[in-house]
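Undergrad:
Number of protein chains: 2
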Amino acid sequence: MTDAMTESGYDVLTIGNAIVDILARAEDDLIVRLGLSKGMMRLIDAEEADRLYAMIGPAIEASGGSAGNTAAGIASFGGRAAYIGKIAVDQLGTIFRHDITALGVHFPTSPLEGGAPTARSTILITPDGERTMNTYLGACQALTEADIDEPTVAASAITYLEGYLWDPPAAKAAFRKAAAVAHAHGRKVAITLSDSFCVDRWRAEFLELMRSGTVDIVFANESEAKALYQTADVATAVEAMRADVALAVVTLGEEGALAIRGAETRSVPAYPVEKVEDLTGAGDQFAAGFLVGLTRGRTLEEAARLGCLAATEVIGHIGPRPSRSLKALAAETGLPL
Amino acid sequence: MTDAMTESGYDVLTIGNAIVDILARAEDDLIVRLGLSKGMMRLIDAEEADRLYAMIGPAIEASGGSAGNTAAGIASFGGRAAYIGKIAVDQLGTIFRHDITALGVHFPTSPLEGGAPTARSTILITPDGERTMNTYLGACQALTEADIDEPTVAASAITYLEGYLWDPPAAKAAFRKAAAVAHAHGRKVAITLSDSFCVDRWRAEFLELMRSGTVDIVFANESEAKALYQTADVATAVEAMRADVALAVVTLGEEGALAIRGAETRSVPAYPVEKVEDLTGAGDQFAAGFLVGLTRGRTLEEAARLGCLAATEVIGHIGPRPSRSLKALAAETGLPL
């Protein structure tokens with residue numbers, strides 16, 4: 000992968016739903032009263048989004064979207080990142096575009112005109128730092144094959160796709176096209192399983208993507224890995240992933256992370272955290288660190304450490320993207336890039 | 000004032016420019032390169048706002064506006080607050096309306112349709128926590144006398160106006176109307192001088208408001224008080240204010256605050272602060288605490304302590320409004336309301 004990187008224009012291209020987060024603190028009883036599943040992402044329509052918004056307290060807004068957060072993280076590490084995702088021509092779209100391009104991320108996707116507004120996710124943050132996401136996809140529904148900018152895919156050492164892309168109908172075809180273009184240029188394709196409900200919705204297709212070699216690298220957290228194989232035992236899921244994909248990365252929260260490649264298994268611990276303010280973006284930033292490490296020729300263990308470091312930074316504050324330079328943080332921590 | 004309060008529907012009505020803040024971290028050299036005056040607010044047009052936005056890093060968005068922040072603080076203390084300010088029918092306007100009404104603040108102003116967009120202030124936060132504000136007034140320019148909801152003014156123990164309202168041309172008349180309605184109902188009128196550049200723009204008119212009794216209470220920080228009387232000596236300014244207005248409140252940053260009423264002078268210290276993250280909203284939250292104290296019949300000293308407490312909370316995090324219940328914080332600090 001090091002060779003591909005040195006010839007590439009971008010370390011990583013990420014593709015996903017372009018979303019602005021509406022982040023509000025909430026007590027646990029509100030989650031219960033709203034009938035939500037804590038820690039999960041659910042899809043809602045525009046009316047439900049408005050109804051929910053009227054029921055929550057004051058919020059702050061920040062650009063989000065899983066793959067967008069990962070692109071931001073990669074840029075923060077000093078990596079060369081690109082992003083494909085569909086915004087609308089509106090104020091939230093302007094915010095999304097500003098925040099990702101201000102980091103130097105290449106963002107070639109044309110915005111949707113005259114259709115649904117930019118996607119937003121109403122994220123309720125409980126006192127334990129857990130986040131519960133309610134996403135109105137809006138303009139993301141309009142992402143199609145035509146948005147897959149082939150020169151950008153061809154120029155990226157790794158194309159990273161979020162599992163959430165399986166939700167908007169036309170994005171599946173875009174996803175498959177991106178994977179085909181990447182492989183045609185000798186590049187690698189990665190996917191995150193996104194969340195366990197997403198895995199429940201698309202289990203058969205995710206397994207097919209892995210077993211057919213459409214994806215080379217899979218990111219999952221513990222609950223996603225278990226959901227993928229419908230097992231209560233993470234070790235069982237890990238062994239199944241070892242057989243099904245070239246490289247699997249499983250994050251374990253406070254227990255750190257595992258990287259599995261063929262017979263090789265590497266385990267790294269998490270960094271200590273003083274207080275978990277907001278778990279939003281933890282998995283996305285882990286992926287950013289891991290992918291940067293991989294494209295810079297680091298070992299699996301070093302890549303996983305960079306992932307844990309980025310995740311630790313983002314859960315220490317409100318918002319899904321780094322609040323400081325991850326490149327500087329990595330250097331301070333003895334993991335210079 | 001206690002009597003007026005017990006008969007009133009609202010403790011405080013605040014009137015000001017309704018603004019969504021775009022908060023970005025910036026190094027000192029960017030402030031210099033942009034030719035900005037650190038710590039100040041400048042007015043910019045839409046083109047300059049776009050130009051500036053393209054030059055700054057990723058940001059987060061949060062409802063702001065000086066008087067809006069004060070209304071939010073009053074509500075957070077458990078006070079009954081109302082707010083008048085002009086938003087547009089757009090996504091930022093929806094955010095502003097949500098955030099203020101979610102706190103229980105009465106917000107009777109109809110939004111502007113088909114005109115300029117909701118106001119936004121691009122706020123650059125330097126590593127010392129100081130903020131430099133660049134405000135595009137947009138829909139705020141359309142605030143007129145017709146927006147002064149007389150029943151709300153009549154029902155409010157104190158009507159509090161931001162000096163920044165002197166900038167949009169039609170708002171001056173709205174300001175004077177609000178003061179007249181308030182006094183006609185035996186209520187009190189307060190003003191904040193907003194910032195020293197604002198004082199430089201409107202010095203003669205601010206002094207006239209004070210000397211004519213159009214305002215009963217004036218809030219100023221040290222630099223605003225000195226600018227008002229064009230003196231380098233804060234004690235000189237304080238004595239001049241004593242003569243010019245019934246009640247003057249001067250905030251002194253780390254030195255705490257002074258309340259001056261006739262011959263009476265009360266001084267309170269600031270609360271210790273671990274790290275100043277973001278000074279945005281410090282003066283606004285001081286006013287919230289002081290006004291809540293005043294309407295609840297507290298002494299000048301107690302009111303000033305509540306003001307310092309609220310200011311301390313808001314400078315400890317990014318964003319201009321409280322991130323936790325000020326009522327709970329006041330109770331913990333031995334200042335129950």
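So the sequence lines, in the order shown, correspond to chains A and B.
Per numbering that gives the first Met the number 0, the very first residue in the first sequence carries number 0; after that it's consecutive.
Per numbering that gives the first Met the number 0, the very first residue in the second sequence carries number 0; after that it's consecutive.
Think of the CB as a built atom: it goes at the ideal place given N, C-alpha and C, for glycine as much as any other residue.
Residues in the same chain with beta-carbon distance under 6 angstroms from A:I243, minus the five sequence neighbours each way, listed in chain order, please.
TA: Sequence index remark: in the first sequence, residue 243 of chain A carries index 244 (1-based). Note on residue identity: the sequence assigns Asp, not Ile, to residue 243 of chain A. Cβ within range, chain order: M209, R210.
Undergrad: Short of 8 angstroms Cβ to Cβ, which residues in the segment 39–66 of chain B face chain A?
TA: Within the segment 39–66 of chain B, the qualifying residues are Y52, A53, I55, G56, P57, A58, I59, E60, A61, S62.
Undergrad: Hey, does B:I83 have any beta-carbon neighbour from chain A nearer than 8 angstroms?
TA: For the purposes of this step, residue 83 of chain B is taken as the residue at position 84 of the second sequence. It does not; no Cβ of chain A falls within 8 angstroms.
Undergrad: Chain B beta carbons: is any one of them nearer than 8 angstroms to that of A:R175?
TA: As a working mapping, residue 175 of chain A is identified with position 176 in the first sequence. Answer no: the Cβ-Cβ gap between A:R175 and chain B never drops below 8 angstroms.
Undergrad: Figure out for me which residue from A:A281, A:V237, A:G252, A:G255 has the closest Cα to the Cα of A:E263.
TA: Position 264 of the first sequence, counted from the first residue, corresponds to residue 263 of chain A. When only C-alpha atoms are compared, the closest one is A:V237.
Undergrad: Looking at the strands, I want to know which residues DSSP matches up with A:V180.
TA: For the purposes of this step, residue 180 of chain A is identified with residue 181 of the first sequence, where counting begins at 1. None, per the DSSP bridge assignment.
Undergrad: A:E47 to B:L111, Cα distance in whole Å?
TA: Sequence index remark: in the first sequence, residue 47 of chain A carries index 48 (1-based). Sequence index remark: in the second sequence, residue 111 of chain B carries index 112 (1-based). Approximately 25 angstroms between the Cα atoms of the pair.
Undergrad: Run through DSSP, which three-state label would B:D337 get?
TA: Nothing about residue 337 of chain B can be reported from this structure: the residues present for chain B run from 0 to 336 only.
Undergrad: Does B:H105 come out as helix, strand or coil in the three-state DSSP assignment?
TA: One-based indexing of the second sequence puts residue 105 of chain B at position 106. B:H105: strand per DSSP, three-state reduction.
Undergrad: Leaving out five residues on either side along the sequence, give the residues of the same chain with a beta carbon under 6 angstroms from the beta carbon of B:V275.
TA: Here the question's residue 275 of chain B lines up with position 276 in the second sequence. Counting only Cβ-Cβ distances below 6 angstroms, and skipping sequence neighbours, we find G128, I314.
Undergrad: Classify A:S109: buried if its beta carbon has 16 or more other beta carbons within 10 angstroms, exposed otherwise.
TA: Position 110 of the first sequence, counted from the first residue, corresponds to residue 109 of chain A. Exposed, by the Cβ-count rule.
Undergrad: Name, in chain order, the residues that DSSP records as bridge partners for B:L246.
TA: Looking up residue 246 of chain B in the second sequence gives position 247. Answer is B:I216, B:R260.
Undergrad: Taking A:G318 as the query, report the chain B residues whose CB atoms sit under 7 angstroms from its CB, ordered along the chain.
TA: Translated into the one-based positions of the first sequence, residue 318 of chain A becomes position 319. Near A:G318 (Cβ distances below 7 angstroms), the residues of chain B are I59.
Undergrad: Which bits of chain B does A:D27 rub up against, with CB to CB less than 9 angstroms?
TA: In the first sequence, the residue the question calls residue 27 of chain A occupies position 28. Here the premise fails: no neighbours, minimum Cβ distance about 16 angstroms.
Undergrad: In whole angstroms, what is the alpha-carbon distance linking B:G212 and B:S65?
TA: The residue labelled residue 212 of chain B in the question sits at position 213 within the second sequence. The residue labelled residue 65 of chain B in the question sits at position 66 within the second sequence. The alpha-carbon atoms of B:G212 and B:S65 are separated by roughly 23 angstroms.
Undergrad: For B:L257, I'd like the list of residues in its chain whose CB is within less than 6 angstroms of its CB, leaving aside the five on either flank, ordered along the chain.
TA: For the purposes of this step, residue 257 of chain B is taken as residue 258 along the second sequence, with counting starting at 1. Correct list, in chain order: V249, S266.
Undergrad: Mind checking if B:D98 is an interface residue toward chain A, Cβ cutoff 8 angstroms exclusive?
TA: The residue you call residue 98 of chain B lines up with position 99 of the second sequence. Chain A contact via Cβ: present.
Undergrad: Please report how far the alpha carbon of B:A156 lies from the alpha carbon of B:V180, in whole angstroms.
TA: Here residue 156 of chain B is taken as the residue at index 157 of the second sequence, counted from 1. Here residue 180 of chain B is taken as the residue at index 181 of the second sequence, counted from 1. Cα to Cα, the separation comes out at about 12 angstroms.
Undergrad: Just to confirm, are A:C197 and A:Y228 a CB contact at a threshold of 8 angstroms?
TA: As a position in the first sequence, residue 197 of chain A is number 198, starting the count at 1. As a position in the first sequence, residue 228 of chain A is number 229, starting the count at 1. No, the pair does not count as a contact, with Cβ atoms beyond the cut-off.
Undergrad: Just confirm the distance between the C-beta atoms of A:I94 and B:E60, as a whole number of angstroms; I'd bet it's less than 8 angstroms.
TA: For the purposes of this step, residue 94 of chain A is identified with residue 95 of the first sequence, where counting begins at 1. For the purposes of this step, residue 60 of chain B is identified with residue 61 of the second sequence, where counting begins at 1. 6 angstroms between Cβ atoms; contact.
Undergrad: Which same chain residues, not among the five before or five after A:A239, have their C-beta less than 6 angstroms away from its C-beta?
TA: Within the first sequence, numbered from 1, the residue matching residue 239 of chain A stands at position 240. Taken in chain order, the residues that qualify are Y228.
Undergrad: Step through the CB atoms of chain A and report whether any lies within less than 8 angstroms of the CB of B:A330.
TA: Counting from one through the second sequence, the residue named residue 330 of chain B turns up at place 331. Closer than 8 angstroms: no.
Undergrad: Would you kindly work out how many angstroms separate the C-alpha atoms of B:G288 and B:F106, rounded to a whole number?
TA: The residue labelled residue 288 of chain B in the question sits at position 289 within the second sequence. The residue labelled residue 106 of chain B in the question sits at position 107 within the second sequence. Cα to Cα, the separation comes out at about 20 angstroms.
Undergrad: Relative to the C-alpha of B:L51, which candidate in B:G38, B:A70, B:A23 has its C-alpha closest?
TA: Your numbering for residue 51 of chain B matches position 52 in the second sequence. Comparing Cα-Cα distances from B:L51 to each of B:G38, B:A70, B:A23, the minimum goes to B:A23.
Undergrad: Could I get the ranges of all uninterrupted alpha helix (DSSP H) runs contained in the segment 58–98 of chain B, with 4 residues as the minimum, in chain order?
TA: Counting only runs of 4 or more, we get 65–75.
Undergrad: Assuming contact is defined by CB atoms lying nearer than 8 angstroms, are B:L192 and B:V233 in contact in what I supplied?
TA: The residue given as residue 192 of chain B occupies position 193 in the second sequence. The residue given as residue 233 of chain B occupies position 234 in the second sequence. No.
Undergrad: Please confirm whether A:I14 and A:I83 have their CB atoms less than 8 angstroms apart.
TA: Position 15 of the first sequence, counted from the start, is the residue given in the question as residue 14 of chain A. Position 84 of the first sequence, counted from the start, is the residue given in the question as residue 83 of chain A. Result yes, Cβ atoms of A:I14 and A:I83 sit closer than 8 angstroms.
Undergrad: Quick one: does A:P258 have its CB under 8 angstroms from some CB of chain B?
TA: If you number the first sequence from 1, residue 258 of chain A lands on position 259. Checking the displayed sequence, the identity of residue 258 of chain A turns out to be Ala instead of Pro. Chain B, which has no Cβ nearer than 8 angstroms to the Cβ of A:A258, makes this no.
Undergrad: Alpha carbon to alpha carbon, how far is A:T294 from A:G31? Give it in angstroms, no decimals.
TA: For the purposes of this step, residue 31 of chain A is taken as residue 32 along the first sequence, with counting starting at 1. For the purposes of this step, residue 294 of chain A is taken as residue 295 along the first sequence, with counting starting at 1. One point to set straight first is that residue 31 of chain A is Val, not Gly, in the sequence displayed. Cα to Cα, A:V31 sits roughly 43 angstroms from A:T294.
Undergrad: Can you name the residues of chain A whose CB is closer than 7 angstroms to the CB of B:A327?
TA: Counting from one through the second sequence, the residue named residue 327 of chain B turns up at place 328. Residues of chain A passing the Cβ test: none, with the nearest at roughly 13 angstroms.
Undergrad: So what does DSSP say about B:L293, is it helix, strand or coil?
TA: Taking the first residue of the second sequence as position 1, residue 293 of chain B is located at position 294. Correct three-state label for B:L293: helix.
Undergrad: Use the C-beta contact count for B:G103: other C-beta atoms within 10 angstroms, 16 or more gives buried, fewer gives exposed.
TA: Translated into the one-based positions of the second sequence, residue 103 of chain B becomes position 104. It counts as exposed.
Undergrad: Less than 8 angstroms separating the beta-carbons of B:L278 and B:R304?
TA: Against the second sequence, residue 278 of chain B aligns to sequence position 279. Against the second sequence, residue 304 of chain B aligns to sequence position 305. No, the pair does not count as a contact, with Cβ atoms beyond the cut-off.
Undergrad: For the segment 85–114 of chain B, enumerate the residues whose C-beta is nearer than 7 angstroms to any C-beta of chain A, in chain order.
TA: Flagged, chain order: D89, Q90, L91, I94, H97, D98, A101, L102.
Undergrad: Please name the residue or residues paired with A:A118 in a DSSP beta bridge.
TA: If you number the first sequence from 1, residue 118 of chain A lands on position 119. Per DSSP, A:I18.
Undergrad: Can you tell me where the beta strand (DSSP E) holding B:R41 begins and where it ends?
TA: Here the question's residue 41 of chain B lines up with position 42 in the second sequence. Taken as a continuous stretch (DSSP letters only), the beta strand (DSSP E) holding B:R41 covers 40–42.
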